[in-house]
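Chains C and Y, in that order, are what the protein sequence lines are. Quick note on numbering: this note's numbering labels position 42 of the first sequence as 42, and the sequence is numbered without any gaps. Position in the second sequence (first residue = 1) + 1000 = this note's numbering.
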Amino acid sequence: MSGRRFEHLLTSIGVLRHSCELDLLLFFHRHPHALLTSDRLAAYVGYDLNQTARSLDLLTEAGFLERSQNPTHAARMYVLQTPGAGWVASLIDIASTPDGRRSLLDAMKEASEADASDSESRQSDALRRARRTNVS
Amino acid sequence: MAELDLVTTGVVGLDAILSGGIPRGNVIVIEGPAGSGKTTLGLEFVYRGATEFDEPGLIVLFEVSPIKVIRDAAQFGWDLPDLERQGKVKVIFTTRSVLQQELQQADSLLLAEAARIGARRMFIDSLPPLPFDGLNGHNGNNGGTREMFHTLVQGLHRENLTAMLAVESAGLDRVHHPTPPVEEFIADTLIVVRIEDVQRAASRSIEIVKSRGHHFQMGSHSFRIVDGRGIEVYKRVQAPRSVSRETAASYDPTTRVPTGVPGLDELVNGGYFLGSTTLVVGVSGVGKSVMALQFIAEGARRGERSLMLSLDETPAQIARNARTIGIDFEPDIARGVVRVQYDSPQEIEIDRHFAQIEQIVEEFKPKRVVIDSLSTYGSTLGSSLRIFRDFFHALVALMKEHQIAAVYNHENPEILGMSSMAGEYAMSSLVDNILLMNWVELSDEFRLAITVAKMRANPTKRITRECEVVNAEGMRVLPRQIPPAALPFSAYYGLVSRSPERHHTTPPPVVQK
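As structure tokens, then:
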């Protein structure tokens, strides 16, 4: 993979905030149409039910996943929406190996920390601006 | 009577034993141990439906990742992702309990997916051995299980889906339960696939145990999983074929098929009949194959399509042998008059082998066929004398149906004399003509003798004649009267026994009884 593409990939995975999201994407790559209960899905990916539910919400909102909405059914139909190519395909390709998955998880962690640091600096700036306003 | 709506599976050879297919809407259970080919059969059922019969299909998986199934299907050239893109196939991963719940709901998500692509076929892979408690695989009460399986079946019926359910069986051999398992009661069609040990090799078999609403060929048939193609089923050799084959036992008594061996036609009244079966019996090295090559060459010379089926020698070896007696098959093969077919006798699967012969005969349409040799089939099939006899019976019927003059070489193990024509194979009654070839030890040399021992509907004199194989020329039967330098056979008696003796110049004394 070219340096530029890898850089783009790292930027793109900023969308994913938790390892559960990556593992769900990998699971749905292997099972593009899955009819499962959330308990069973959580057990398959190996996270608790709440985290799995949060990650599923995120993937659905981001348009990676489509899921049926029918409260009378214990199970939901999950359909992966990602195209065969593009950064998600590259992501899945890399994450298919244990080393690749570890690298991606590290990259996600760094992206998350950078986000947090950006957020802190934004908060500091806001406080500074507020103080200046109050003084004046 | 209304015409039966049959679902053609599209699996090579399977529809033939199902008499065209499976009645639409039947719930089909495929039972077999791990690795027996259940998944491949189910996938092919859906794949052929989508690609050859415009019948989209749903594949429901419980344990195997769809990505692995897609990968495995690609080995057979089945592009499932492409069919998914076209909306002809959908592969859904779920659990058994979800499937059971779904099939009980009128607004089933699963069946909604099936309806979305207009599915007509469904494959569910796989259910554990039944009876069990629900679809979760725990042993439990049979009544409840039966009801639950029934619910599953009803759900499938509601959508008029022809569904195939793979059911795992515990062992390699099918267990005969005192009370048949639930699926056997409720399934409309029960197909059992097995892996059988055959002399340290393994072969696959398929049996239609039951199938409601139509006729099918019972018994255990063979099948193979062929890379790049899929499943190929071979009807068991004993199974009845077309009516014409059964009624084609008579042969044309007006047309003679010359043997190509100088002097031999005189012994067989001008040649063999079309549609007749000739057995040439003799110890190894007496010239049976030479005689066969001349029979094929004579056919080629007359422009008659001639086929040599060999288990003993490869086409290259046969061509070399032919050249030593002045026969060059290459131009005849090139112009499509001669065909040499070799099949290795190692691990021969008799059903598949016979299916190949059937196909060659139906496509090549030979007038003459030589099989070299029957004894190799005998040794290959080991102690299965019954299978050998069934195979030979089927072969004879096939050749008669196509009015082929067929010559079968058979190696008799006795070097001098013969105590039996066909040994333990007991096939003499099936053949029309028997030619015995054996060595006769005279003085310090072995000389070759030929005797026409049997000619059905074609009376001939049972005279033993000398013959010889000449380098670059082949075999010829010598005249009865040979030059006086050597004594003719007629000077001896007991030629076919191990100890020929000369006639006395004076007649033997008459024994008073």
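For every residue, glycine included, the Cβ atom is placed at its ideal position computed from N, Cα and C.
Contact set between the region 1360-1381 of chain Y and chain C, restricted to residues whose Cβ is under 8 Å from the partner: none
8 Å contact criterion, which Y/P1128 and Y/E1063 should meet: CB distance rounded: Walking along the second sequence from the start, residue 1128 of chain Y turns up at place 128. Walking along the second sequence from the start, residue 1063 of chain Y turns up at place 63. Their Cβ separation, rounded to whole angstroms, is 10 Å, which puts Y/P1128 and Y/E1063 out of contact at 8 Å.
Same chain only: Cβ atoms within 7 Å of C/D48, ignoring 5 sequence neighbours per side: The sequence position of residue 48 of chain C within the first sequence is 48, counting from 1. Within the same chain, C/D48 has close Cβ partners A42.
Exposure label - Y/G1260; buried when at least 16 CB within 10 Å: If you number the second sequence from 1, residue 1260 of chain Y lands on position 260. Per the 10 Å Cβ criterion, buried.
Nearest residue (CA-CA) to Y/H1157, options Y/E1052, Y/D1125, Y/L1111: Along the second sequence, read from residue 1 onward, the residue named residue 1157 of chain Y stands at position 157. Comparing Cα-Cα distances from Y/H1157 to each of Y/E1052, Y/D1125, Y/L1111, the minimum goes to Y/L1111.
Among Y/I1296, Y/V1396, Y/E1347, the one whose alpha carbon lies nearest that of Y/D1332: For the purposes of this step, residue 1332 of chain Y is identified with residue 332 of the second sequence, where counting begins at 1. Checking every option, the nearest Cα to that of Y/D1332 belongs to Y/I1296.
Touching by the beta-carbon criterion (3+ pairs, under 8 Å), the region 1493-1500 of chain Y and the region 1343-1350 of chain Y: no
Segments of 3+ residues assigned as beta strand (DSSP E) that fall wholly inside the region 1339-1398 of chain Y: 1368-1372
Classification of Y/A1322 by the beta-carbon crowding that lies within 10 angstroms, buried from 16 upward: Here residue 1322 of chain Y refers to the residue found at position 322 of the second sequence. Classification of Y/A1322: buried, given that the 10 Å Cβ count is 16 or more.
Per-residue contacts from C/N70 into chain Y (C-beta, under 9 Å): In the first sequence, residue 70 of chain C corresponds to position 70, counting from 1. Correct list: D1107, L1109.
Members of the region 1063-1079 of chain Y near chain C, C-beta cut-off 9 Å: S1065, P1066, I1067, K1068
Coarse secondary structure for Y/E1501, derived from DSSP in three states: Taking the first residue of the second sequence as 1, we reach residue 1501 of chain Y at position 501. If DSSP states are grouped into helix, strand and coil, Y/E1501 belongs with the strands.
Contact list for Y/V1046 against chain C, beta-carbon separation under 7 Å: To locate residue 1046 of chain Y, count along the second sequence from 1; it is residue 46. By Cβ distance, chain C contributes nothing, its closest Cβ being about 14 Å from Y/V1046, past 7 Å.
Given Y/E1265 as reference, the closest of Y/T1451, Y/V1396, Y/F1076 once Cα atoms are compared: Residue mapping note: residue 1265 of chain Y aligns to position 265 of the second sequence, counting from 1. As written in the sequence, residue 1265 of chain Y is Asp, which differs from the Glu given in the question. Comparing Cα positions, the closest option is Y/T1451.
Three-state secondary structure (DSSP) of Y/T1464: In the second sequence, the residue the question calls residue 1464 of chain Y occupies position 464. The answer is coil: DSSP assigns Y/T1464 none of H, G, I, E or B.
Pairwise C-alpha distance: C/L56 and C/S112: Here residue 112 of chain C refers to the residue found at position 112 of the first sequence. Here residue 56 of chain C refers to the residue found at position 56 of the first sequence. Looking at the two C-alpha atoms, the distance is approximately 18 Å.
CB of Y/D1252 within 8 Å of CB of Y/Q1075, strictly: Looking up residue 1252 of chain Y in the second sequence gives position 252. Looking up residue 1075 of chain Y in the second sequence gives position 75. No, Cβ-Cβ distance for Y/D1252 and Y/Q1075 is not below 8 Å.
Exposure label - Y/K1461; buried when at least 16 CB within 10 Å: If you number the second sequence from 1, residue 1461 of chain Y lands on position 461. With fewer than 16 Cβ atoms within 10 Å of its Cβ, Y/K1461 is classed as exposed.
Short CB-CB distance (under 8 Å) between Y/Q1101 and chain C: Indexing the second sequence from 1 puts residue 1101 of chain Y at position 101. It does: the Cβ of Y/Q1101 has a partner Cβ on chain C nearer than 8 Å.
8 Å Cβ cutoff, Y/V1098 in contact with chain C: For the purposes of this step, residue 1098 of chain Y is taken as residue 98 along the second sequence, with counting starting at 1. By this cut-off, Y/V1098 is an interface position.
Cut-off 6 Å between Cβ atoms - residues of its own chain near Y/G1522, not counting five sequence neighbours on either side: Past the edges of chain Y, shown from 1001 to 1513, lies residue 1522 of chain Y, and the structure says nothing about it.
CB of Y/L1274 within 8 Å of CB of Y/I1327, strictly: Residue 1274 of chain Y sits at position 274 when you count from the first residue of the second sequence. Residue 1327 of chain Y sits at position 327 when you count from the first residue of the second sequence. No, Cβ-Cβ distance for Y/L1274 and Y/I1327 is not below 8 Å.
Cβ separation of Y/F1531 and Y/F1392, assumed to be a contact under 8 Å, to the nearest whole Å: Given a span of 1001 to 1513 for chain Y in the structure shown, any question on residue 1531 of chain Y remains unanswerable.
Chain-ordered neighbours of Y/K1090 on chain C, where CB pairs are closer than 7 Å: Here the question's residue 1090 of chain Y lines up with position 90 in the second sequence. Correct list: H33.
Cβ of Y/E1113 within 8 Å of any chain C Cβ: Taking the first residue of the second sequence as position 1, residue 1113 of chain Y is located at position 113. Interface residue, yes.
Those runs of the alpha helix (DSSP H) which lie wholly inside the region 1181-1236 of chain Y and span at least 4 residues: 1182-1186
For Y/H1410, three-class secondary structure by DSSP: The residue you call residue 1410 of chain Y lines up with position 410 of the second sequence. Residue state, collapsed to three classes: strand.
Rounded C-alpha distance that separates Y/I1022 from Y/R1212: As a position in the second sequence, residue 1022 of chain Y is number 22, starting the count at 1. As a position in the second sequence, residue 1212 of chain Y is number 212, starting the count at 1. Taking the straight line joining both Cα atoms gives about 9 Å.
Y/T1094: contacting residues in chain C (beta-carbon distance under 8 Å): To locate residue 1094 of chain Y, count along the second sequence from 1; it is residue 94. Near Y/T1094 (Cβ distances below 8 Å), the residues of chain C are A34, L35, L36, A75.
When Y/V1407, Y/L1080, Y/R1241 are compared against Y/S1276, the one with the closest alpha-carbon: Taking the first residue of the second sequence as 1, we reach residue 1276 of chain Y at position 276. Looking at the Cα atoms, Y/V1407 is the closest of the given residues.
Continuous alpha helix (DSSP H) assignments of at least 4 residues falling wholly in the region 1029-1056 of chain Y: 1038-1052
Beta-carbon gap between Y/L1436 and Y/G1263 smaller than 8 Å: As a working note, residue 1436 of chain Y is residue 436 in the second sequence. As a working note, residue 1263 of chain Y is residue 263 in the second sequence. Not in contact: Y/L1436 and Y/G1263 (Cβ atoms no closer than 8 Å).
Y/E1031 to Y/V1192 span [Cα, whole Å]: Within the second sequence, residue 1031 of chain Y is the residue found at index 31, counting from 1. Within the second sequence, residue 1192 of chain Y is the residue found at index 192, counting from 1. Y/E1031 and Y/V1192: Cα-Cα distance of roughly 5 Å.
Chain Y within 8 Å of C/R67, Cβ atoms only: Translated into the one-based positions of the first sequence, residue 67 of chain C becomes position 67. Taking Cβ atoms only, chain Y never reaches closer than 8 Å to C/R67, which makes this a no.
Y/S1375 to Y/N1412 span [Cα, whole Å]: Residue numbering aside, residue 1375 of chain Y sits at position 375 when the second sequence is read from its first letter. Residue numbering aside, residue 1412 of chain Y sits at position 412 when the second sequence is read from its first letter. Each residue's alpha carbon lies about 8 Å from the other.
Local Cβ density within 10 Å of Y/I1092, reported as buried at 16 or more and exposed below that: As a first step, residue 1092 of chain Y must be located in the second sequence, where it is residue number 92. Flag for Y/I1092 reads buried.
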